[in-house]
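Okay, so here's the structure we're looking at.
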Amino acid sequence: MAQIFHHSTNTIARVSIYGAVIIVGLLGFALNVVNQTSYVTEVHNARPQPVPFSHKHHAGELGLDCRYCHSSVEVSSSAGMPPTQTCMTCHSQIWTNAEMLEPVRASYRDSKPISWTRVNAVPDFVYFNHSIHLAKGVGCTTCHGPVAEMNITWRAETLYMRWCLDCHTAPEKYLRPRSEVFNAYYQPPKDQLALGEKLMKEYKVQKLTACTTCHR
Amino acid sequence: MSNPQPRMAFRGARVLAGLALLLACAGCRQDMHVQPRYNPYDPTDFFEDGQSARLPVEGTVPRGDLKLGPNELFYTGKVDGQASESFPFPVTREILDRGRERFNIYCSPCHGFSGDGDGMIVQRGFRRPPSLHEDRLRNAPAGHFFDVITNGMGVMYPYGYRVAPPDRWAIVYYIRALQLSRQASINDLPDAEQKKLLGGTR
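These protein sequence lines map, in sequence, to chains X and Z.
Position 141 of the first sequence, counted from 1, bears residue number 141 in the numbering used here, the numbering being contiguous throughout.
Position 5 of the second sequence, counted from 1, bears residue number 221 in the numbering used here, the numbering being contiguous throughout.
See below:
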């Protein structure tokens, strides 16, 4: 019987088998790299906002407490966004002619909320709650980064599940005294682990890793 | 006898299509990520004002929030329509600490940390509020402060929507403590504290 395949098909077969393995491997690697770029994770990307609101100005230089504007953060799952009236407590008197504040004044005039662009968000199948984290000594800057130095707000962490779990399996790495939770410039001490373990006992912090903690 | 070349090409195309499909999947992000429900602050096109969160109907009274009878003092700072001299509950150390914390968050930007009216925002051009230590305000009834926090006054906007009634009273207690601190003499302190303050001099 005559050979069906020519001799050279052996090489083609080999090349295509090994080639496929290499291509799949490379693709996997490339996907992994792409997935960690800020294009995908959105970390460090300043979002355009209807008003160029600056935390650096308000929380940093003016020294306003986060709760002046995010007033439900201690008692609710949502941190709460300031209603326009909160801006107007000051901007009814300050920078009243500034062009860049026109959307704020228009919003107050017409009772139409300003629609801020979301910066941090978890998918709908994840349950997140601010109040518990603050009550157990997790500070704003641990999750949101140096907010008081941001001219336009950007996301500091991926908010991926592995990021949540990194802390939930070992909260002692991040805990701070409750009195420092709102401190925008807090620096962890050198003996963070010792402090963290002490605080875990004091605040009765559990390591919550059951799936139903966050997926309920 | 068939020619192998077209079959190879067909297989290659299938592999490519499969890979493309894989890539496309990595890009999908709908399904359970965005569920048909509203999260806080989500917009909607159902209501005219575009907000999914609704305001209570005009005149709604939260349960237990009836501003009449025994509750009038607690929720309005008034008794029979007059600013009350007295507080609805006695002061404790915790209440004073809470009052200080809340005062520093919501009032100190304008009134300053000690109530002199020289806060950061005033330094940036906001109208200077009166000092909380002036005689008129030292003699003002507690209910007056409660009312100013709740409803605002002049160019000062209301803070009632951000500061709950118990916290408003805590702030008023703290303002009283600030006022007292300017009027107190050393003899008002307990013996132990006097000794500490004067150190070895007595």
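Every residue, glycine too, gets a C-beta built ideally from N, C-alpha and C.
Query	Result
Shortest alpha-carbon distance to glycine 145/X belongs to which of Lys204/X, Ala135/X, Asn120/X, Lys112/X?	Asn120/X
Closer than 8 Å between beta carbons: that is the criterion. Which residues of the stretch 57 to 69 of chain X meet it against chain Z?	Leu62, Gly63, Leu64, Asp65, Arg67, Tyr68
Could you check which residue in Gly25/X, His58/X, Glu197/X has the C-alpha nearest to that of asparagine 151/X?	His58/X
Thinking just about the alpha-carbon of each residue, which of Gln395/Z, Val338/Z, Asn320/Z, Ser330/Z is nearest to the one in valine 371/Z?	Val338/Z
For a test of your reading of the model: does the CB of tyrosine 254/Z fall under 7 Å from any non-hydrogen atom of the ligand GDP? Yes or no.	As for the ligand GDP, it is missing from this structure, which has no ligand bound.
Assign phenylalanine 361/Z to one of two classes, buried (16 or more other C-beta atoms within 10 Å of its C-beta) or exposed (fewer than that).	buried
Can a CB atom of chain X be found closer than 8 Å to the CB of aspartate 265/Z?	yes
Just confirm the distance between the C-beta atoms of leucine 394/Z and glycine 331/Z, as a whole number of angstroms; I'd bet it's less than 8 Å.	5 Å
Using beta-carbon positions only, say whether valine 178/Z and aspartate 124/X come within less than 8 Å of one another.	The structure shown has nothing for residue 178/Z, since chain Z only spans 217 to 418.
From Ala358/Z, Gln399/Z, Ile402/Z, Met336/Z, pick the residue whose C-alpha is nearest to that of glycine 60/X; which is it?	Met336/Z
What is the DSSP secondary structure of valine 122/X, counted as helix, strand or coil?	coil
Under a Cβ-count criterion, where at least 16 other Cβ atoms within 10 Å of its own Cβ denotes burial, should methionine 217/Z be classed as buried or exposed?	Because methionine 217/Z carries a pLDDT of 41, less than 50, the predicted location of this residue cannot be relied on, and the following value inherits that uncertainty. Classification for methionine 217/Z: exposed.
With a cut-off of 8 Å, does the C-beta of alanine 229/Z fall near any C-beta of chain X?	no
Can you give me, in chain order, the residues of the stretch 323 to 334 of chain Z that have a beta carbon less than 9 Å from any beta carbon in chain X?	Ser324, Pro325, Cys326
Please check if any C-beta of chain X sits within less than 8 Å of the C-beta of glycine 370/Z.	no
Roughly how far, in whole angstroms, is the beta-carbon of serine 131/X from the beta-carbon of valine 205/X, given that I think they are within contact range, below 8 Å?	Contact doesn't hold; Cβ gap of about 14 Å is too wide.
Apart from the five residues on each side of it in sequence, which residues of its chain come closer than 6 Å, Cβ to Cβ, to arginine 418/Z?	Because arginine 418/Z sits at a pLDDT of 48, beneath the cut-off of 50, its placement in the model cannot be relied upon, and the following sentence gives the value as read from the coordinates. Within the same chain, arginine 418/Z has no close Cβ partners at all.
So, is threonine 212/X buried or exposed, given that buried needs 16 or more other C-beta atoms within 10 angstroms?	exposed
Is the distance from the Cβ of glutamate 197/X to the Cβ of glutamate 172/X below 8 Å?	yes
Please name the residues in the stretch 366 to 396 of chain Z whose beta-carbon is closer than 7 Å to at least one beta-carbon of chain X, in chain order.	Val371, Tyr373, Arg378
Since threonine 86/X and cysteine 69/X are thought to touch, with beta carbons under 8 Å apart, how far apart are those beta carbons, to the nearest angstrom?	6 Å
Taking only beta-carbon atoms, is proline 256/Z less than 8 Å away from chain X?	yes
Pull up the distance between the alpha-carbon of cysteine 143/X and that of histidine 215/X, whole angstroms please.	20 Å
Once you ignore the five residues that flank phenylalanine 329/Z on each side, which residues in its own chain have a CB closer than 7 Å to its CB?	Asn320
Here's a check: name, in chain order, each residue in its chain whose Cβ is nearer than 6 Å to the Cβ of alanine 46/X, leaving out the five neighbours to either side.	Ile152, Trp154
Does the CB of proline 272/Z have a neighbour CB from chain X at under 8 Å?	no
What does the Cβ neighbour count give for threonine 117/X, buried or exposed, with the cut at 16 atoms within 10 Å?	exposed
Less than 8 Å between CB atoms is the rule here; does glycine 280/Z satisfy it with respect to chain X?	no
Sort Lys283/Z, Arg318/Z, Arg340/Z, Ser347/Z by Cα distance to glutamine 93/X and report the nearest one.	Arg340/Z
Mind pulling the chain Z residues with CB within less than 8 Å of alanine 20/X?	Val231
Using only the alpha-carbon positions, how far apart do valine 104/X and methionine 81/X sit?	14 Å
Residues of chain Z with CB under 7 Å from cysteine 90/X, in chain order?	Ile337, Phe342
Just tell me which of Ser16/X, Thr141/X, Trp163/X, Leu175/X has its CA closest to the CA of phenylalanine 182/X.	Thr141/X
So, under 8 Å CB-CB, aspartate 363/Z and alanine 408/Z are touching, yes? Tell me the CB distance rounded to an integer number of Å.	So it is not a contact: roughly 38 Å between Cβ atoms.
How big is the Cα-Cα spacing for alanine 2/X and serine 16/X?	25 Å
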